[in-house]
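Let me begin by presenting the structure, written as structure tokens, before commenting on it.
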Amino acid sequence: MTENKGIFIKNIYYMLAYAYQVLKQLNYQKIAAEPFDNIYDLFAAILAIGMAQLSKQGLYKEYISSRDDLSILRGKLDLNGSIQNRLRNKQLLTCDYDELSENNLANQVIKSTAVFLSKCNEVRKENQESLLKGLGGFSHVELIDLKRIKWGKVNIQQNRQNYRMLLNLSCFVANSLLMTTESGKYSMQQFTDENMAALFEKFILEYFRRNHPELDASASYVSWDIRSELSASALEYLPKMKTDISLTKGNKKLIIDAKYYRSLWQHYDKNSSDASSTIRNNHLYQIMSYVRNADTERTGNVSGMLLYAKPGNEMFDFDYPNIGGNHYVIKTLDLNTDFSLISSQLDSIVTDFFEEN
2 MTENKGIFIK NIYYMLAYAY QVLKQLNYQK IAAEPFDNIY DLFAAILAIG
52 MAQLSKQGLY KEYISSRDDL SILRGKLDLN GSIQNRLRNK QLLTCDYDEL
102 SENNLANQVI KSTAVFLSKC NEVRKENQES LLKGLGGFSH VELIDLKRIK
152 WGKVNIQQNR QNYRMLLNLS CFVANSLLMT TESGKYSMQQ FTDENMAALF
202 EKFILEYFRR NHPELDASAS YVSWDIRSEL SASALEYLPK MKTDISLTKG
252 NKKLIIDAKY YRSLWQHYDK NSSDASSTIR NNHLYQIMSY VRNADTERTG
302 NVSGMLLYAK PGNEMFDFDY PNIGGNHYVI KTLDLNTDFS LISSQLDSIV
352 TDFFEEN
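Count the sequence shown with my numbering and you get residues 2 to 358, in order.
Below is the structure:
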């Protein structure tokens with residue numbers, strides 16, 4: 002995907018900084034000046050700083066259900082357990098109670114990720130040492146298996162953006178683990194396309210939100226343009242149409258579908274007479290469906306864009322001014338260049354679609 006690994010990884014940092022605004026805080030700024038040749042080394046540096054900040058602020062706590070034999074009543078009495086204690090000549094009460102604790106799933110995820118990265122060959126020694134130092138503030142937190150985490154249960158009740166960013170990085174790391182068959186130990190694979198796709202999509206949305214306040218930028222839903230009566234059950238079976246990025250200004254709307262793929266093309270049988278390569282049809286059909294259903298009045302004011310992260314040396318910008326009355330663009334965004342040029346590429350989208358000619 003990249004020609005210059007160092008530039009690409011540095012841009013991942015900038016993408017993370019847009020996706021998670023907490024990275025723009027002063028204590029993370031030094032990372033922007035460091036050279037990184039591996040994405041996990043970058044994650045380790047971010048995690049080490051984040052853990053130190055969490056320890057300084059105080060770790061997130063939540064109520065954990067506990068059962069213990071105590072000399073005085075706490076919480077709810079467990080009668081059977083207390084009777085068993087009396088039969089054993091123990092003057093103790095078995096109690097069920099909730100205790101505010103640092104040993105919760107969120108902290109366990111962060112600590113376990115830090116321990117893993119501290120032993121990872123892809124992480125520089127200085128960042129490994131920083132992670133080990135940061136673990137001191139997590140001494141009351143247990144380790145868990147990163148491959149067995151049920152991510153739907155990882156939740157922070159408080160509005161703590163630093164936690165959310167570190168948990169997302171931990172999720173990226175966990176999704177990139179491979180089990181080796183000989184030793185049973187975990188090893189790292191390349192940062193997956195699935196992870197990059199999620200980051201790419203979030204970065205594009207947050208870039209427009211931060212740099213173009215004149216636009217309404219959101220990941221909104223498109224309603225089906227239904228022109229006849231339907232039963233509730235029939236409506237229920239229609240899939241939701243959630244856009245990656247919707248940009249609106251006045252009566253104009255641009256729907257962007259952000260794609261991160263190593264190969265953009267679908268290839269037809271080379272032995273057939275019509276052998277050719279085209280844009281993936283499911284991508285095109287999806288963006289056209291969004292646009293057509295969003296443009297309920299058929300004004301042509303809704304446009305669509307497939308925005309691909311550039312794979313290798315392949316750059317293109319295909320403009321289709323009028324397909325069924327709507328404007329479509331299929332183009333690439335070069336992530337393997339200076340970030341100022343990435344900004345220029347994104348800013349040009351706003352100029353092309355929303356500024357008067």
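Glycine included, C-beta positions come from ideal geometry on N, C-alpha and C. From a predicted model like this one, the values you see are computed outputs, not experimental measurements.
Name the DSSP beta bridge partners of residue i, please?
i    : result
L94  : L71
S229 : Per DSSP, none; premise fails for S229.
D99  : S66
K77  : D97
T279 : Q267
A310 : L334
Within a Cβ cutoff of 7 Å, which residues of the same chain sit near residue i, ignoring the five residues on either side of it in sequence?
i    : result
E215 : K250
R149 : none
Q54  : N28 and N163
D320 : V330
Nearest by alpha-carbon distance to residue i: which of the options is it?
i    : options                   : result
H141 : K243, N105 and K148       : N105
W225 : R211, N12, N282 and K243  : K243
K57  : S72, G138 and S234        : G138
L363 : A49, I157, Y208 and R161  : No information on residue 363 is available, as it lies outside the stretch 2 to 358 that the chain covers here.
D335 : V124, F201, S232 and H328 : F201
N294 : R263, L307, G326 and L80  : G326
A310 : F355, V351, M197 and L206 : M197
K260 : L239, D99, H284 and A235  : H284
L147 : S349, R125, F209 and S171 : S171
L101 : D70, D339, Y64 and Y262   : Y64
Y21  : A199, L88 and I288        : A199
D296 : S247, D320 and F37        : S247
S72  : Q85, L94 and R87          : L94
S290 : K120, D258 and Y262       : D258
W152 : R281, D318, A220 and N169 : N169
K62  : M52, N108 and Q54         : N108
R362 : N81, G59 and L60          : The first residue shown for the chain is 2 and the last is 358, placing residue 362 beyond what the model contains.
S177 : L136, A33 and Y41         : Y41
E207 : D245, R228, V223 and S349 : D245
In three-state DSSP terms, what is residue i?
i    : result
G51  : helix
I157 : coil
G305 : strand
N327 : strand
N317 : Going by the sequence as given, residue 317 is Phe instead of Asn. Coil at F317, not helix or strand.
I65  : strand
K332 : strand
Q267 : strand
What does a CB cutoff of less than 6 Å around residue i pick up in its chain, not counting 5 residues either side in sequence?
i    : result
K254 : V303
Please list, in chain order, all residues of the same chain as residue i whose beta carbon is under 8 Å from its beta carbon, the five residues on each side excluded.
i    : result
E315 : L265 and T333
V292 : I256, V303, S304, G305, N327 and Y329
V351 : F209, H213, L216 and L248
N86  : D70, Q92, L93, L94 and T95
L74  : L94 and C96
- Let me know the beta strand (DSSP E) ranges lying completely inside the region 193-259, each 3 residues or longer, listed in chain order. 217-219 and 246-250
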